[in-house]
Ligand code: B1M
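Residue numbers (our numbering): -3 to 204.
As structure tokens, this is what we get:
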């Protein structure tokens, strides 16, 4: 009998072969895809997120956990679609114009996916026009912006203003090393997160 606790542990350890094996076994045994996702995969990612926040694990551990989750998701995702399991919400996330740093953004995306969000990766150097375009086209409920340079932080304000001018109904979350809660408040963002695990908490509050 597939053990979902063991599946969660395989995610925590970043053991992609084990994660895939248990996910396949659970599906073969007729376990619900939703239970496999929530009690196994997301359960494991939640623990990694909490440990990352507490500095008990670091970026490499998060990356290998996310890789294990991605491997298992490849077999689980079609079954979730068949079963009509809805993602928590859709988010679209990009690094702002002029900025090519994407390691932090990618971590945020991995953690959000791990928490059950559907995420559109807008890439780097995203112009304010593209934030508006993708927000409209994707139907995302959350737009995320990342900036690593003090010189590109103003591009966040410009993009937020563009989204407001276009009256797109989204919540905006920002983050990145030089960004602070005070800056988020100043430029009218709805949420700020200092790290990838907190980004999940903030995103959940924004869609609540
Ligand atoms: Co750049 N770089 N870099 N760089 N780089 C920094 C940011 C810098 C602090 C280094 C330094 O001088 N000490 C400095 C910025 C100084 C400043 O603005 N005050 C700097 C500079 C100056 C530059 C260039 C201008 C250098 C040059 O060419 N002269 C240039 C700019 C290029 C450009 O973007 N136009 C440049 C280039 C690069 C590389 C391409 C070489 C490479 C990026 C590779 C890549 O991303 N694919 C790079 C790197 C790697 C860094 C450092 C070393 C590491 C950044 C990183 O990935 N951190 C960085 C110095 C440092 O931080 N020690 C530096 C790890 C990552 C997990 O953290 O991105 O903060 P972070 O993400 C965190 C949180 O911030 C948060 O969650 C993440 C996970 O916990 N978070 C969010 C991030 N986005 C979020 C979004 C959210 C919520 C939370 O909601 C949507």
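Each residue gets a CB set at the ideal place from its N, CA and C atoms; glycine is no exception.
These numbers come from a predicted model, not from an experiment.
Residue i (DSSP reduced to helix, strand or coil)
i: residue 198; result: helix
i: residue 122; result: strand
i: residue 92; result: strand
i: residue 110; result: helix
i: residue 100; result: helix
i: residue 52; result: coil
i: residue 176; result: coil
i: residue 36; result: helix
i: residue 164; result: coil
i: residue 30; result: helix
i: residue 207; result: The first residue shown for the chain is -3 and the last is 204, placing residue 207 beyond what the model contains.
i: residue 193; result: helix
i: residue 204; result: coil
Span of the beta strand (DSSP E), counted from its first residue to its last, around residue i
i: residue 142; result: 138 to 142
i: residue 8; result: No beta strand (DSSP E) holds residue 8; the alpha helix (DSSP H) holding it covers 0 to 9.
i: residue 40; result: Per DSSP, residue 40 belongs to no beta strand (DSSP E); it is in the alpha helix (DSSP H), 39 to 49.
i: residue 170; result: 167 to 171
Beta-bridge pairing of residue i - partner residues as DSSP gives them
i: residue 115; result: 87
i: residue 188; result: 170
Boundaries (first-last residue) of the alpha helix (DSSP H) holding residue i
i: residue 149; result: 149 to 161
i: residue 67; result: 55 to 79
i: residue 206; result: The requested residue 206 does not occur in the structure, where the chain is confined to residues -3 to 204.
CB contact below 8 Å: residue i versus chain D
i: residue 27; result: No chain D appears in the structure shown, which is made up of a single protein chain.
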